[in-house]
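For reference, the structure is listed below as structure tokens.
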Amino acid sequence: MNWLNICALTDIPQLGARVIEGPKGDIALFRTSSDDVFALDDRCPHKHGPLSQGIVFGKTVACPLHNWQIALDSGEALAPDVGCAHRYPVRVEDGRVYLALEKTRRSAHIIASTTAA
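Those letters in the sequence shown? Residues 1 to 117, by our numbering.
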């Protein structure tokens, strides 16, 4: 597992998201009002809507297509809906956001593109 230095915490808007390119599609980084950061695939498990365009409240994001509510800490849809968006380990240290990805050629490309920015 590689911990990738993705961005500054302040690059993610509070109660918002930032999208990065992942090895298997886009990954949405969410920031709560208390500066907790979560990372999920940027696809709702229902109709694959872009979760990064949803509304963040508490530790939940509402999908912009059909208002499915997804728990940011698990990726699980809240009842009565059923489904799960893949979650990635994330940590914040010294104001920087780090994302854990399996080591692949694609993650090496992500490292190169995030360090060049």
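Just so it is clear, CB atoms sit at the ideal spot from N, CA and C, and this is done for glycine as well.
If residue i sits next to residue j, beta carbons under 8 Å apart, how far is it from one beta carbon to the other, in whole angstroms?
i     : j     : result
Leu40 : Gly16 : At roughly 14 Å, the Cβ-Cβ gap does not stay under 8 Å, so Leu40 and Gly16 are not in contact.
Val97 : Cys7  : 5 Å
Cα separation between residue i and residue j?
i      : j     : result
Glu102 : Gly22 : 11 Å
Leu72  : Gly49 : 15 Å
Asp42  : Gly54 : 10 Å
Pro64  : Ile70 : 11 Å
Val92  : His66 : 31 Å
So, is residue i buried or exposed, given that buried needs 16 or more other C-beta atoms within 10 angstroms?
i     : result
Phe57 : exposed
Thr32 : buried
Ser52 : buried
Just to confirm my understanding: we take residue i, look at its own chain, exclude 5 residues before and 5 after, and list those with CB closer than 6 Å. What are they?
i     : result
Trp68 : Cys44, His46, Ala77 and Asp81
Report all residues from its chain with a CB closer than 8 Å to the CB of residue i; omit the five preceding and five following residues, and keep chain order.
i     : result
Ile27 : Val19, Ile20, Glu21, Ala39, Leu40, Asp41, Asp42, Tyr88 and Leu99
Lys59 : Thr32, Asp36, Phe38, Ala71, Leu72 and Asp73
Please classify residue i: does DSSP put it in a helix, a strand, or coil?
i     : result
Asp41 : strand
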